[in-house]
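Shown next, in structure tokens, is the structure this report addresses.
Rendered as structure tokens:
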């Protein structure tokens, strides 16, 4: 059985856009290399992440995430066992007012959220939509 963790956090305001992009790129590569699926999004000073994978690995990863000085105010949305994988691989995106925002990708994220347990879909969809307020 797989495990899932989701959280939102506030990005350290001292980080530059290039440092944020480096963090997104590193996360995408590391998670895909370690059979972790999900998404990591950055928008307007916040991170939103859903991780799916082997329980012990995710709990160790989440402990490192919580200790990372690049963000703070980490709010766990859920942390639970799941019956199967929801996301197809691991994706990252920098959602902003400029051309990096990709509506097609965002629609894919919403489709994947619809496959989550119905008890948590609403919360995840709400947070995902908040990330794009004023951008669409």
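In our numbering, the protein residues as written are 258 to 393.
Idealized CB from N, CA, C, for every residue including glycine.
A straight-line Cα-Cα distance of about 6 Å links residue 266 and residue 329. A check of alpha carbon separations from residue 272 across 301, 264, 259, 332 identifies 301 as the nearest.
Taking one beta carbon from each stretch, the stretch 330 to 340 and the stretch 279 to 299 have fewer than 3 pairs nearer than 8 Å; the two do not touch. Under the three-state reduction of DSSP output, residue 307 falls in the strand class.
Proximity to residue 333 across 346, 313, 291, 384 peaks at 384, based on C-alpha coordinates. Counting only unbroken stretches of 4 or more residues, the alpha helix (DSSP H) elements lying wholly within the stretch 268 to 333 are 274 to 290, 312 to 324, in sequence order. Residue 347 is bridged by DSSP to 295. When the Cα atoms are used, residue 318 and residue 258 turn out to be separated by approximately 18 Å. Rounded to the nearest whole angstrom, the CA to CA distance from residue 322 to residue 316 is 10 Å.
Spatial neighbours of residue 284 in its own chain (CB-CB distance under 7 Å, excluding positions within 5 residues in sequence) are listed in chain order as 297, 349. Within the DSSP secondary-structure output, residue 265 pairs in a beta bridge with 305, 332. Looking from the CA of residue 346, the closest CA among 379, 275, 309, 331 belongs to 309.
Within 10 angstroms of the beta-carbon of residue 280 lie 16 or more other beta-carbons, which makes it buried.
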